[in-house]
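So the protein lines, in turn, are chains A and B.
So the first sequence is numbered by full-length UniProt numbering: it starts at 1 and just counts up by one.
So the second sequence is numbered by full-length UniProt numbering: it starts at 1 and just counts up by one.
All C-beta atoms, glycine included, are put in the ideal place defined by N, C-alpha and C.
Keep in mind that this is a model prediction, so the values were computed, not measured.
First up is the structure itself, then whatever we jot down about it.
Protein chains: 2
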Amino acid sequence: MSMANGTKPPSSPQPLTPETARSLVDSVEAFLFDCDGVIWKGDKLIEGVPLALQALRSLGKKLVFVTNNSRKSRKQYAKKFASLGLDVSEEEIFSSSFAAAMFLKQRNFPKEKKVYAVGEEGILEELTLAGFSCLGGPEDGKKEIELKNNFWFEHDKSVGAVVVGLDQYINYYKLQQIPKVGFLRKVTLCNSNEISSQKDNSDRYATLCIRENPGCLFIATNRDAVGHMTDLQEWPGAGCMVGAVAGSTGKEPTVVGKPSTFLMDFLLERFQIETSRMCMVGDRLDTDILFGQNAGCKTLLVLSGVTSLSDLQHPTNEIHPDYYASNVVDFVELSRTCPL
Amino acid sequence: MSMANGTKPPSSPQPLTPETARSLVDSVEAFLFDCDGVIWKGDKLIEGVPLALQALRSLGKKLVFVTNNSRKSRKQYAKKFASLGLDVSEEEIFSSSFAAAMFLKQRNFPKEKKVYAVGEEGILEELTLAGFSCLGGPEDGKKEIELKNNFWFEHDKSVGAVVVGLDQYINYYKLQQIPKVGFLRKVTLCNSNEISSQKDNSDRYATLCIRENPGCLFIATNRDAVGHMTDLQEWPGAGCMVGAVAGSTGKEPTVVGKPSTFLMDFLLERFQIETSRMCMVGDRLDTDILFGQNAGCKTLLVLSGVTSLSDLQHPTNEIHPDYYASNVVDFVELSRTCPL
């Protein structure tokens, strides 16, 4: 392959060869896999993946699954892996829903406050498991509002954080809930015991809250533009819902999923492996590959998901993985064709 | 008032005094009014506005209403004015729904292509009036989707533009429709007669379309974060829906409402008045006041809508109107207390 012959600049990604695939396997102790577009598409397994993962396990490699898709909890993901015939334990799974819960835990988010979730079951389940009280989620997807005079949208004054992830039940009710929980001028939730119902005071107070003491947290599980929610198509990802909330609050969120390396601490604690001896395998440049690079891991892009070879090689692309391969199966196959 | 005594820097906004109010009225031939937060809140008229407007008309001033709220067409706005006891003609109204239709007209958008609207009746009505075929709008607000394998979301291949405005019926169906009409890699609508259904080809073709020949237009009526959709509260504005679409397509829209001065050409054609002899009166710094300044008009901020005095005077605010007043009524009253 012409790109591997040394005529390209060093930053140019290399297609895997039997030799580089083998060398990658040899030099790495833990493989971090993205899921959508790498292991499966929607609920459909990518063919050959179980054997490929098994081959890596038989070489003593640790396998970890790091997914930005917040629709499921770790427990739900473990069930999904099982249903697809993959033996993966809950402890090997790091989802952005889990990341959101861990972020609040790490920040000592007060248990007497509530979390409003724009998202699906996974976020609610992880938050609940971590001991937090939640509102929102799929339940609010059925709620409607009528924009008419004298109607007052009442919100829960004890909400101190909003977590936004992928939400196929997004609606105007939820979006109105958001601005009312802490970002806008008229909102007084940053410090609930100082709430004033008097308009002028609350205006002034909330302006201070937002600009100088933004007590209400705005957490995004991730900002993926799209993802393979089904096998045949890409669908709007959490970047869509996060964009909506950012657009109506004028605030930018704290992102806890990839490419943020927030999860890496939990992963390192569990696996005790240097990041230089880890390889991130994913299908997205701006989340997976960037996450791997941010964390100091080796990186392998697979073309089985949202990124095409022309995307990777496009002059405007600035994110270059160490290597790329068609898919996980090809990577493992290649490494096995190289003699010891 | 201390701020008017010359000790402040020249860029500091001045509260109106009888003298400056009178001088503003005298030097201006046409007043451009925003509506939400200036004339009404939701469907509730701001008290005293009809008489104030009448006073300006009796002085021979032209009145123009420039609104970013795309929920209504010009015709529907004329009805709303009438229902509130205000005598305003369709020709005096410039709405962002009208702007979107005029933008497509000016660009000679081909009549055989369709426009997908994330928005409400106003957008559909203006587009139809301008001779365009539309899809979407409130009708798609009832549609649901189920994310399951083997489900293929079929989209209309003749859509060549997407118009995004305020949409209280926003849902995942519409948001999936969007990426399918021209922004993403897998989409092939930029030039519908070159569509290929073969995955690899369409990938490559659409990549080119988007990056080098983005045929499918992404038009935002406006990006207001919030607005007074009802009298008692602010609600998420078009900025919310535009943020969602931008977040799932990775593209930024062309904004046709304020602060873009796109509408100014139509306005000038109609009224034949120099912009320096116009005054924009609005409640938002980042749309109304910026629009006025971009167009070379005088500017008057009223505090009857989304902007408070502390917002205006906050050190981080960089948009300074020429003057500010509590509301339109106070402005007119002040001008009348100044002797000739």
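At a C-beta separation below 8 Å, Ser248 of chain A has these neighbours in chain B: Ala225, Val226, Pro236, Gly237, Gly239, Cys240 and Gly243. The region 245–315 of chain B contains, as complete beta strand (DSSP E) runs of 3+ residues, the segments 278–282 and 298–302 (chain order). Runs of the beta strand (DSSP E) lying entirely within the region 68–122 of chain B and spanning at least 3 residues, in chain order: 93–95 and 114–118. With 16 or more other CB atoms across the displayed protein chains lying within 10 angstroms of its CB, Trp40 of chain A is buried. Cβ atoms of Leu124 of chain B and Ala117 of chain B come within 8 Å of each other, at about 6 Å. Closest in alpha carbon position to Lys258 of chain A, among A:Lys61, A:Asp283 and A:Leu232, is A:Asp283. Distance from His228 of chain A to Gly42 of chain A at the Cβ level is roughly 6 Å; contact confirmed, criterion being Cβ atoms closer than 8 Å. At a Cβ-Cβ threshold of 8 Å, Leu301 of chain B and Pro321 of chain B count as neighbours.
For Leu24 of chain B, the three-state secondary structure derived from DSSP is helix. Residue nearest to Phe33 of chain B within the set B:Val88, B:Lys44 and B:Gln76 is B:Val88 (criterion: CA-CA distance). Contacts with chain A (Cβ-Cβ distance below 8 Å) from the region 26–47 of chain B involve Gly42, Asp43 and Lys44, listed in chain order. Against Asp231 of chain A, the close residues of chain B are Asn149 and Asn150, in the order they occur along the chain (beta-carbon pairs closer than 8 Å). For Leu175 of chain A, the closest Cβ of chain B is nearer than 8 Å. Relative to the Cα of Gly122 of chain A, the nearest Cα in the group A:Gly48, A:Ala295, A:Gly85 and A:Lys79 belongs to A:Lys79. Using beta-carbon distances, Gln168 of chain B counts as an interface residue toward chain A, with a partner under 8 Å. With fewer than three CB-CB distances shorter than 8 Å, the region 70–85 of chain A does not count as touching the region 285–296 of chain A. Distance from the CA atom of Lys251 of chain A to the CA atom of Glu144 of chain A, rounded to whole angstroms, is 25 Å. Scanning its chain for C-beta atoms nearer than 8 Å, with the 5 sequence neighbours on each side dropped, one finds around Ala52 of chain B the residues Val328, Val329, Phe331, Val332 and Glu333, in chain order. Between Lys113 of chain B and Gly160 of chain B, the gap from beta carbon to beta carbon is short of 8 Å. Between Ser96 of chain A and Thr221 of chain A, the gap from beta carbon to beta carbon is short of 8 Å. Per DSSP, Phe132 of chain B lies in no alpha helix (DSSP H) and is assigned neither H nor E. Taking the CA atoms as reference points, Ile93 of chain A sits about 11 Å from Arg270 of chain A.
Using beta-carbon distances, Tyr324 of chain B does not count as an interface residue toward chain A, since no partner is under 8 Å. Within the same chain, and ignoring the five residues on either side of Leu56 of chain B in sequence, the residues whose Cβ sits closer than 7 Å to its Cβ are Phe31, Leu63 and Val332. Here Thr337 of chain B is exposed: its Cβ has fewer than 16 other Cβ atoms, across all protein chains shown, within 10 Å.
For Tyr116 of chain B, there are no C-beta contacts with chain A under 8 Å, since the nearest C-beta of that chain is about 14 Å from it.
Contacts between Tyr77 of chain B and chain A, judged by CB atoms closer than 8 Å, are missing: the closest CB pair is about 16 Å apart. In summary, Asn108 of chain A is exposed, with fewer than 16 beta-carbon neighbours lying within 10 Å of its beta-carbon over all protein chains present. Lys157 of chain B and Glu126 of chain B have their alpha carbons spaced roughly 22 Å apart. Secondary structure note for Val164 of chain A: its beta strand (DSSP E) is the uninterrupted segment Val159 to Val164.
Ranked by Cα distance from Ser260 of chain A, the first of A:Glu90, A:Ala99 and A:Glu47 is A:Ala99.
Going by beta carbons, Lys75 of chain B and Glu90 of chain B fall inside the 8 Å limit.
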